[in-house]
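Visitor: The sequence shown begins at -13 in our numbering and counts up one residue at a time. What follows is a single structure, and I will ask about it in a moment.
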Amino acid sequence: MSQRQVLQVFELYQNARTRFVQMVAEQATRPQNIETLQNAGIMSLLRPLLLDVVPTIQQTAALALGRLANYNDDLAEAVVKGDILPQLVYSLAEQNCVYKKAAAFVLRAVGKHSPQLAQATVDCGALDSLVICLEDFDPGVKEAAAWALAYIARHNAELSQAVVDAGAVPLLVLCIQEPEIALKRIAASALSDISKHSPELAQTVVDVGAIAHLAQMILNPDEKLKQQVLAALSHISKHSVDLAEMVVEAEIFPVVLTCLKDKDDFVKKNACTLIREIAKHTPELSQLIVNAGGVAAVIDCIGSCKGNIRLPGIMMLGYVAAHSENLAMAVIISKSKKAIKNIIQKCTYLPALEPFLYDAPPNILKYVAGQFSKVLPHDSKARRLFVTSGGLKKIQEIKAEPGSILQEYINDINSCYPEEIVRYYSPGYSDILLQRVDSYQPLTN
């Protein structure tokens, strides 16, 4: 047998291995094939290919293992029992970017299923290697590592603490500052998963300056990133008054209220959750939300959503109202505003609307003035009664912003009367008349 024929045997063997792992990786994407692959002993066949001399075969074998382990906890456990994790961890430090991403994917797929499987990834030394990958030049490697760390941290406080102890948090905060949106998303998600378990873990995230960077991304146009950012701030805020105040001090109000009008329901839900977690702590924090217009904005958000999406907003209103009678009244008034607006816009009996000229807040007053401006031009009796009841005088006393809708309605009402009548009821006109009386010199004989 010639040398060429011998080399052809090796070439055929390599081609066969390549084709095998490619087909397995492809078949592993279809759920109906998983049981068949498992029964055929695919794990034991893929394991030696992780050590193959051909990088493409190594990478594809890792990808296939990740897809299998991602499917269910039995297959993930098979990866653990097959002693595959140590090889993957070793490869994270030694191999190229493509293999690192595939290896991190396997670790994530194993760790996501249960605390026990996540602990298995920790026990094999994965955390140190994954944290090193957060400093990799390739953003895809950073993303894969952050994803694996997030899946480990989300299970419980002990696993999150292990991620923190490995030094992941400062690097995750650097990752949310990178330009790649996908990396920002998963880094924010990982910080959220770490923060949610305890005040101490949340404080660890806060201590490296995460709040300021997260707050800056509230208005990012990417919906999924906003979801993760709002969730992270919510988990930080929920633990204590001090942490909630630190989030508020990052000037999230009134910026976060714009998220309540977002087209994405989960952005709305997470924004409501953040406001709820802040409001629950103290009357002062609830009052700050009320002053920013948060109660009315949350009520409008609840009205625009369906199902469980509305729950955090409803709970937030309950927390605010529970603090004090004044805050409860603020919730009641805000909840009533929409109903009052609808009633006013249908009311044509003007005497019933006149009391609102004296007591209504500005956001209701414009609807009252608008209704008068519609009815008065067509009802002479109503015009006369409006003068004798003091309504026209009160209209002249209203201080409206020039060019505002309220000012336009006032102008429309005034146009229903002679100019001298309007001037007579204008503020200061009676003083002018008194001056004229004082300066008047009656004729004497």
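Every residue, glycine too, gets a C-beta built ideally from N, C-alpha and C.
Which residues mark the beginning and the end of the alpha helix (DSSP H) in which Cys110 is found?
Guide: Taking the sequence shown and counting its residues from 1, the one referred to as residue 110 is at position 124. Neither: Cys110 is in no alpha helix (DSSP H) and is coded neither H nor E.
Visitor: If you measure between the beta carbons of Pro101 and Tyr57, is that distance less than 8 Å?
Guide: Taking the first residue of the sequence shown as position 1, residue 101 is located at position 115. Taking the first residue of the sequence shown as position 1, residue 57 is located at position 71. Not closer than 8 Å, so no.
Visitor: How is Asn82 classed by DSSP in three states: helix, strand or coil?
Guide: The count along the sequence shown starts at 1 and reaches residue 82 at position 96. Looking at Asn82 - three-state DSSP - the assignment turns out to be coil, as it is neither helix nor strand.
Visitor: What residues in its chain sit with their C-beta under 7 Å from that of Ala218, if we drop five residues either side in the sequence?
Guide: If you number the sequence shown from 1, residue 218 lands on position 232. Hits under 7 Å: Ala174, Leu177, Ser178, Ser181 and Leu200.
Visitor: Whole angstroms are fine: how far does the CA of Ile407 sit from the CA of Leu419?
Guide: Stepping through the sequence shown from its first residue, residue 419 is reached at position 433. Stepping through the sequence shown from its first residue, residue 407 is reached at position 421. Only weak support exists for where Leu419 lies, its pLDDT of 45 falling under 50; the value from the coordinates is given anyway. So the two alpha carbons sit approximately 13 Å from each other.
Visitor: Please report how far the alpha carbon of Leu37 lies from the alpha carbon of Tyr76, in whole angstroms.
Guide: Locating residue 37 in the sequence shown gives position 51, where the first residue counts as 1. Locating residue 76 in the sequence shown gives position 90, where the first residue counts as 1. If you take the alpha carbons of Leu37 and Tyr76, they lie about 11 Å apart.
Visitor: Compute the Euclidean distance between the alpha carbons of Val423 and Tyr410, then round it to the nearest angstrom.
Guide: By one-based count along the sequence shown, residue 423 stands at place 437. By one-based count along the sequence shown, residue 410 stands at place 424. Caution applies to Val423, whose pLDDT of 45 falls short of 50 and renders its modelled position unreliable; the value that the coordinates give is listed next. Answer to the nearest angstrom: the Cα atoms are 15 Å apart.
Visitor: Quick one: does Leu362 have its CB under 8 Å from some CB of chain B?
Guide: In summary, chain B is missing from the structure at hand, where a single protein chain is found.
Visitor: Could you please give the first and the last residue of the uninterrupted alpha helix (DSSP H) stretch that includes Phe358?
Guide: Position 372 of the sequence shown holds residue 358. Unbroken alpha helix (DSSP H) run through Phe358: Pro348 to Val361.
Visitor: At what residues does the alpha helix (DSSP H) containing Asp251 begin and finish?
Guide: Here residue 251 is taken as the residue at index 265 of the sequence shown, counted from 1. Looking at the DSSP string, the run of the alpha helix (DSSP H) that includes Asp251 is Asp251 to Ala265.
Visitor: When you compare only the Cα positions, how much space is there between Gln0 and Gln45?
Guide: For the purposes of this step, residue 0 is taken as the residue at position 14 of the sequence shown. For the purposes of this step, residue 45 is taken as the residue at position 59 of the sequence shown. Approximately 14 Å between the Cα atoms of the pair.
Visitor: Measure from the alpha carbon of Tyr85 to the alpha carbon of each residue in Thr42, Leu35 and Thr107, then state which is nearest.
Guide: Counting from 1 along the sequence shown, the entry for residue 85 is found at position 99. Checking every option, the nearest Cα to that of Tyr85 belongs to Thr42.
Visitor: Here's a check: name, in chain order, each residue in its chain whose Cβ is nearer than 7 Å to the Cβ of Ile433, leaving out the five neighbours to either side.
Guide: The structure shown does not extend to residue 433, since the chain spans only -13 to 431, so no value can be given for it.
Visitor: Would you grab the beta carbon distance between Leu313 and Gln273 for me? Rounded to a whole angstrom, and I think it's under 8 Å.
Guide: The sequence position of residue 313 within the sequence shown is 327, counting from 1. The sequence position of residue 273 within the sequence shown is 287, counting from 1. That belief holds up - the Cβ atoms of Leu313 and Gln273 are roughly 7 Å apart, short of 8 Å.
Visitor: Take Leu392 as the anchor and find which of Asn82, Cys258 and Leu351 has the nearest alpha-carbon.
Guide: Translated into positions along the sequence shown, residue 392 becomes position 406. The option with the nearest alpha carbon to Leu392 is Leu351.
Visitor: Where Leu378 and Ser390 are concerned, what is the direct C-alpha to C-alpha distance, given to the nearest angstrom?
Guide: Taking the first residue of the sequence shown as position 1, residue 378 is located at position 392. Taking the first residue of the sequence shown as position 1, residue 390 is located at position 404. The straight-line gap from Cα to Cα measures roughly 19 Å.
Visitor: Kindly list the residues whose CB is nearer than 8 Å to the CB of Val(-8), restricted to its own chain and excluding five residues on each side of it in sequence; keep chain order.
Guide: Locating residue -8 in the sequence shown gives position 6, counting from the first residue. Nothing listed; no residue qualifies.
Visitor: By DSSP, does Gly279 sit in helix, in strand, or in coil?
Guide: Here residue 279 refers to the residue found at position 293 when the sequence shown is read from its first residue. Reduced to three states, the DSSP call for Gly279 is coil.
Visitor: Report the three-state DSSP secondary structure of Gln163 (helix, strand or coil).
Guide: Your numbering for residue 163 matches position 177 in the sequence shown. Gln163 falls in the coil class under three-state DSSP.
Visitor: Give the DSSP-derived three-state secondary structure of Met301 in the structure shown.
Guide: Residue numbering aside, residue 301 sits at position 315 when the sequence shown is read from its first letter. DSSP places Met301 in helix when its eight states are reduced to three.
Visitor: Mind checking which residues open and close the alpha helix (DSSP H) that includes Phe6?
Guide: To locate residue 6, count along the sequence shown from 1; it is residue 20. Counting along the chain, the alpha helix (DSSP H) containing Phe6 begins and ends at Gln(-11) to Gln13.
Visitor: Give every residue of the same chain whose Cβ lies closer than 8 Å to the Cβ of Gln(-11), excluding the five residues on either side of it in the sequence, and list them in chain order.
Guide: As a working mapping, residue -11 is identified with position 3 in the sequence shown. Cβ neighbours of Gln(-11) beyond the five flanking positions: none.
Visitor: Rounded to whole angstroms, how far is the Cβ of Ala50 from the Cβ of Ala2, which I believe are closer than 8 Å?
Guide: Position 64 of the sequence shown holds residue 50. Position 16 of the sequence shown holds residue 2. So it is not a contact: roughly 15 Å between Cβ atoms.
Visitor: According to the Cβ coordinates, are Thr268 and Val306 closer than 8 Å?
Guide: As a working mapping, residue 268 is identified with position 282 in the sequence shown. As a working mapping, residue 306 is identified with position 320 in the sequence shown. The answer is no: Cβ separation not under 8 Å.
Visitor: Would you kindly report the start and end of the unbroken alpha helix (DSSP H) that includes His199?
Guide: Taking the sequence shown and counting its residues from 1, one reaches residue 199 at position 213. Segment Ala196 to Gln202, the alpha helix (DSSP H) holding His199.
Visitor: Any idea what DSSP makes of Asp179, helix, strand or coil?
Guide: Residue numbering aside, residue 179 sits at position 193 when the sequence shown is read from its first letter. Asp179 falls in the helix class under three-state DSSP.
Visitor: Considering Cα atoms alone, identify which of His183, Val39, Leu297 and Asn19 is closest to Glu(-3).
Guide: Working through the sequence shown from its first residue, we reach residue -3 at position 11. Comparing Cα positions, the closest option is Val39.
Visitor: Looking only at C-alpha atoms, which of Leu103, Leu78, Cys83 and Gln81 sits nearest to Lys67?
Guide: Your numbering for residue 67 matches position 81 in the sequence shown. Of the candidates Leu103, Leu78, Cys83 and Gln81, the one whose C-alpha sits nearest the C-alpha of Lys67 is Leu103.
Visitor: With a threshold of 6 Å on Cβ separation, who are the neighbours of Arg33 within its own chain once the five nearest residues in sequence on each side are excluded?
Guide: On the sequence shown, position 47 is the one that residue 33 refers to. The residues are Gly68 and Ile70.
Visitor: For Leu145 versus Leu120, is the C-beta distance shorter than 8 Å?
Guide: In the sequence shown, counting from the first residue as 1, residue 145 sits at position 159. In the sequence shown, counting from the first residue as 1, residue 120 sits at position 134. Their beta carbons are not under 8 Å apart, which means Leu145 does not touch Leu120 by this criterion.
Visitor: Quick check: Val7 and Met29, are their CB atoms within less than 8 Å of each other?
Guide: Working through the sequence shown from its first residue, we reach residue 7 at position 21. Working through the sequence shown from its first residue, we reach residue 29 at position 43. No.
Visitor: Is the separation between the beta-carbon of Val155 and that of Val191 shorter than 8 Å?
Guide: As a first step, residue 155 is located in the sequence shown; it is residue number 169 there, counting from the start. As a first step, residue 191 is located in the sequence shown; it is residue number 205 there, counting from the start. Yes, the pair counts as a contact, with Cβ atoms nearer than the cut-off.
Visitor: On the three-pair Cβ rule with 8 Å, is the segment 251 to 260 touching the segment 279 to 299?
Guide: The answer is yes - the segment 279 to 299 touches the segment 251 to 260, with three or more Cβ pairs under 8 Å.
Visitor: Taking buried to mean at least 16 other C-beta atoms within 10 Å of its own C-beta, is Ser366 buried or exposed?
Guide: Position 380 of the sequence shown, counting from 1, holds the residue named residue 366. Flag for Ser366 reads exposed.
Visitor: When DSSP labels each residue in this structure, what does Tyr426 get in the three-state scheme?
Guide: Your numbering for residue 426 matches position 440 in the sequence shown. Residue confidence is low: Tyr426 scores 45 on pLDDT, short of 50, so the model does not pin down where it sits. Its coordinate-derived value is still stated next. Three-state result, Tyr426: coil.
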